[in-house]
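Reading through the structure tokens given below for one structure.
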Amino acid sequence: MSRAAVTQRLAAFTALGWVEVRPYHSDGRTNLVSLTAAGADLITSAWQGLAASDDGADDGVDLVQLQRSLERVIGNVERHVSQLDGGRR
1 MSRAAVTQRL AAFTALGWVE VRPYHSDGRT NLVSLTAAGA DLITSAWQGL
51 AASDDGADDG VDLVQLQRSL ERVIGNVERH VSQLDGGRR
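Last residue of the sequence shown: number 89 in the working numbering, and the count goes up by one each step with no gaps.
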């Protein structure tokens, strides 16, 4: 996905009240994107809808390994953000 596409999506999501975009305090070139309460409600509703219509999309997926991989990605992102923030996290 291109930067332009991300910018367009974020503008649309902001207009719908799903996310809030603020400048990142220590790097003016970076923005912080956060879910609003309405965005969190939408995600909760979407997950409930997915659970109600379980079609076996995750059949054969090692969910433990998937969780480990996602935790690793989150750790990598947190480390990267910490480096941008000068190690203050």
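Glycine is no exception: its CB is placed at the ideal position from the N, C-alpha and C atoms.
Inset, instruction - Have a look at the DSSP bridge pairing and note the partners of Ser34. - result: Residue numbering aside, residue 34 sits at position 34 when the sequence shown is read from its first letter. In DSSP, Ser34 forms a bridge with Glu20.
Inset, instruction - Can you say whether Arg89 is buried or exposed, counting buried as having 16 or more other CB atoms within 10 angstroms of its CB? - result: Translated into positions along the sequence shown, residue 89 becomes position 89. Note that Arg89 scores a pLDDT of 49, beneath 50, so its modelled location is shaky and nothing firm can be said.
Inset, instruction - Assign Asp27 to one of three DSSP states: helix, strand, or coil. - result: Residue mapping note: residue 27 aligns to position 27 of the sequence shown, counting from 1. Of the three classes helix, strand and coil, the one that applies to Asp27 here is strand, per DSSP.
Legend entry - Beta carbon of Trp18 nearer than 9 Å to that of Ala38: Walking along the sequence shown from the start, residue 18 turns up at place 18. Walking along the sequence shown from the start, residue 38 turns up at place 38. Against a cut-off of 9 Å, the Cβ pair of Ala38 and Trp18 comes out as a contact.
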